[in-house]
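Here is the structure we will look at, set down as structure tokens.
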């Protein structure tokens, strides 16, 4: 058996890492603009907005593992990953154009606008799945080295963070600026342009990933020859459900869903919180996003050193514990009146610091989680004889998309429940609305983070165990 232990070149790592950018574009759209655009600019009910996202998450629950299993079984001269990645690229870019450019005929009807949002979101999520699951799965197949897996995930994660932060930050600074006293966040044409910017970023970076990783196709095809699958559609379903027999995978799924419940709410409400809870201007929000870039600069070079001194499980547990502390003090401090008033430099400095720490810990969590997922794929091959990276990473991708999905399921109805009026100016939202939002993004989110901390602490993964698993696989293949 050929095990791919050699180092991967920097250029190849960067090309592979570019594949994270389309997902980052989706995250940027949904965490910074979609809820604000549809509720505050277009006037769609928050409950209907949340319902559209909920339906798309239900669709993801079915489509993600099926597409992952399909990718595992696909056999072409371009392998089983690249054809699907290429097929999803252009449609994904066009889906962002559709999302931010509803036709005029649907704007006067809540039901028609809801239908447009639903169709757009379904397209974004489906074509993102077609591209991103094979791209993610490929990372576990191009190397089996414990540290090299972390290195490529590190590059992929940080390139995604840079893109996901830079895109909205630049657009907020130059596209959504106020003109003649009109806040650019409330101008519909600005969102139309943002949709086209997203299109070009997605198509260019996805193309770089697809064509820049062609050199790995022979390796991926060799891995595919080791895969034993059950025949037929029902066999595909059986193989997919069979991954749940792996206890580490089950714990990872609970971990991801619980993290999604917290980070998703925060992501969906970001623009609402920045605009109304902290009363930040577009310029301040753009500067705030620099905190994420600072976190990338600090964490990215540190991951290799951290990985050599601590196990992945230890770093994962530390990251979640840090997120718990970082969430527990900040918003509750505002609700209890301990923080400075909005509009003061020290308040903005605290917001910046909290965002910086949160982003850094999230990067540590993401890098180690995905690296652990690749190790679990090896463990699963030893147990079942099947290479199912596609299924494993489709489950992870579903959990990631659940981040935004669950967030909108809570955030949309929350805006209706607390009475935040569409189009209300910053500084004019009611105290009761702000208190309701603060309770959700503060104490409730903090409590949810105890679940992933417990799951991370119970994982049975280590450097020594991976070496034993890979030695057993090598022995099996040599017979």
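In this note's numbering, the protein residues as written are 251 to 729. Note that the Cβ used here is the ideal one computed from N, Cα and C, for glycine as well.
So, residue i versus residue j, is the Cβ gap smaller than 7 Å?
{"i": "residue 582", "j": "residue 692", "result": "yes"}
{"i": "residue 686", "j": "residue 668", "result": "yes"}
{"i": "residue 278", "j": "residue 521", "result": "no"}
{"i": "residue 284", "j": "residue 655", "result": "no"}
{"i": "residue 557", "j": "residue 393", "result": "no"}
{"i": "residue 719", "j": "residue 498", "result": "no"}
{"i": "residue 677", "j": "residue 529", "result": "yes"}
{"i": "residue 505", "j": "residue 702", "result": "yes"}
{"i": "residue 321", "j": "residue 327", "result": "no"}
{"i": "residue 527", "j": "residue 367", "result": "no"}
{"i": "residue 621", "j": "residue 271", "result": "no"}
{"i": "residue 422", "j": "residue 531", "result": "no"}
{"i": "residue 512", "j": "residue 695", "result": "yes"}
{"i": "residue 563", "j": "residue 580", "result": "no"}
{"i": "residue 436", "j": "residue 538", "result": "no"}
{"i": "residue 606", "j": "residue 674", "result": "no"}
What does the alpha-carbon distance come out to for the pair residue i and residue j?
{"i": "residue 311", "j": "residue 623", "result": "19 Å"}
{"i": "residue 642", "j": "residue 276", "result": "21 Å"}
{"i": "residue 313", "j": "residue 337", "result": "16 Å"}
{"i": "residue 597", "j": "residue 578", "result": "17 Å"}
{"i": "residue 363", "j": "residue 441", "result": "15 Å"}
{"i": "residue 699", "j": "residue 501", "result": "14 Å"}
{"i": "residue 309", "j": "residue 316", "result": "11 Å"}
{"i": "residue 541", "j": "residue 269", "result": "23 Å"}
{"i": "residue 482", "j": "residue 289", "result": "In this prediction, residue 482 scores a pLDDT of 49, lower than 50, which makes its location untrustworthy; no coordinate-derived value is stated."}
{"i": "residue 561", "j": "residue 411", "result": "23 Å"}
{"i": "residue 292", "j": "residue 438", "result": "8 Å"}
{"i": "residue 510", "j": "residue 657", "result": "8 Å"}
{"i": "residue 514", "j": "residue 416", "result": "20 Å"}
{"i": "residue 465", "j": "residue 262", "result": "9 Å"}
{"i": "residue 385", "j": "residue 335", "result": "7 Å"}
{"i": "residue 254", "j": "residue 452", "result": "Its pLDDT being 47, under 50, residue 254 is placed unreliably in this model, and the value from its coordinates should be taken loosely. Going by the C-alpha atoms only, they are around 30 Å apart."}
{"i": "residue 267", "j": "residue 462", "result": "10 Å"}
{"i": "residue 432", "j": "residue 398", "result": "50 Å"}
{"i": "residue 610", "j": "residue 600", "result": "15 Å"}
{"i": "residue 524", "j": "residue 495", "result": "42 Å"}
{"i": "residue 726", "j": "residue 426", "result": "59 Å"}
{"i": "residue 584", "j": "residue 418", "result": "26 Å"}
{"i": "residue 671", "j": "residue 352", "result": "22 Å"}
{"i": "residue 625", "j": "residue 593", "result": "47 Å"}
{"i": "residue 477", "j": "residue 287", "result": "Bear in mind that a pLDDT of 49 at residue 477, under 50, signals an unreliable position, so the number given afterwards is only what the model happens to contain. Each residue's alpha carbon lies about 45 Å from the other."}
{"i": "residue 723", "j": "residue 635", "result": "9 Å"}
{"i": "residue 305", "j": "residue 717", "result": "42 Å"}
{"i": "residue 355", "j": "residue 361", "result": "12 Å"}
{"i": "residue 713", "j": "residue 447", "result": "42 Å"}
{"i": "residue 323", "j": "residue 709", "result": "29 Å"}
{"i": "residue 516", "j": "residue 721", "result": "43 Å"}
{"i": "residue 595", "j": "residue 413", "result": "27 Å"}
{"i": "residue 430", "j": "residue 679", "result": "23 Å"}
{"i": "residue 787", "j": "residue 387", "result": "In the structure displayed, the chain extends from 251 to 729; residue 787 sits before or after that span and is not available."}
{"i": "residue 428", "j": "residue 535", "result": "13 Å"}
If you follow the alpha helix (DSSP H) that residue i is part of, which residue opens it and which one closes it?
{"i": "residue 569", "result": "562–585"}
{"i": "residue 395", "result": "Note, residue 395: premise wrong, no alpha helix (DSSP H); not H, not E."}
{"i": "residue 451", "result": "438–462"}
{"i": "residue 703", "result": "700–707"}
{"i": "residue 800", "result": "Here the chain comprises residues numbered 251 to 729, so residue 800 is not present and cannot be evaluated."}
{"i": "residue 681", "result": "681–689"}
{"i": "residue 495", "result": "Run containing residue 495: none; DSSP gives neither H nor E here."}
{"i": "residue 329", "result": "Neither: residue 329 is in no alpha helix (DSSP H) and is coded neither H nor E."}
{"i": "residue 539", "result": "Taken as a continuous stretch (DSSP letters only), residue 539 belongs to no alpha helix (DSSP H), as it is neither H nor E."}
{"i": "residue 279", "result": "271–282"}
{"i": "residue 244", "result": "The question about residue 244 has no answer, for the chain in this structure spans 251 to 729."}
{"i": "residue 261", "result": "260–267"}
{"i": "residue 557", "result": "552–559"}
{"i": "residue 315", "result": "296–323"}
Could you round the C-beta distance between residue i and residue j to whole angstroms and report it? I think they count as a contact, below 8 Å.
{"i": "residue 570", "j": "residue 706", "result": "6 Å"}
{"i": "residue 357", "j": "residue 370", "result": "Their Cβ separation, rounded to whole angstroms, is 14 Å, which puts residue 357 and residue 370 out of contact at 8 Å."}
{"i": "residue 458", "j": "residue 265", "result": "6 Å"}
{"i": "residue 454", "j": "residue 332", "result": "Contact doesn't hold; Cβ gap of about 17 Å is too wide."}
{"i": "residue 346", "j": "residue 434", "result": "Contact flag wrong, Cβ pair sits at about 19 Å."}
{"i": "residue 666", "j": "residue 359", "result": "18 Å between Cβ atoms; not a contact."}
{"i": "residue 613", "j": "residue 547", "result": "Rounded, the Cβ-Cβ distance is 11 Å, inconsistent with contact."}
{"i": "residue 508", "j": "residue 280", "result": "That belief does not hold up - the Cβ atoms of residue 508 and residue 280 are roughly 19 Å apart, past 8 Å."}
{"i": "residue 576", "j": "residue 608", "result": "5 Å"}
{"i": "residue 619", "j": "residue 566", "result": "6 Å"}
{"i": "residue 300", "j": "residue 661", "result": "7 Å"}
{"i": "residue 381", "j": "residue 456", "result": "6 Å"}
Item to complete: State whether the region 363–380 contacts the region 333–351, with contact taken as three or more CB pairs (one from each stretch) at a distance under 8 Å.
Response: yes
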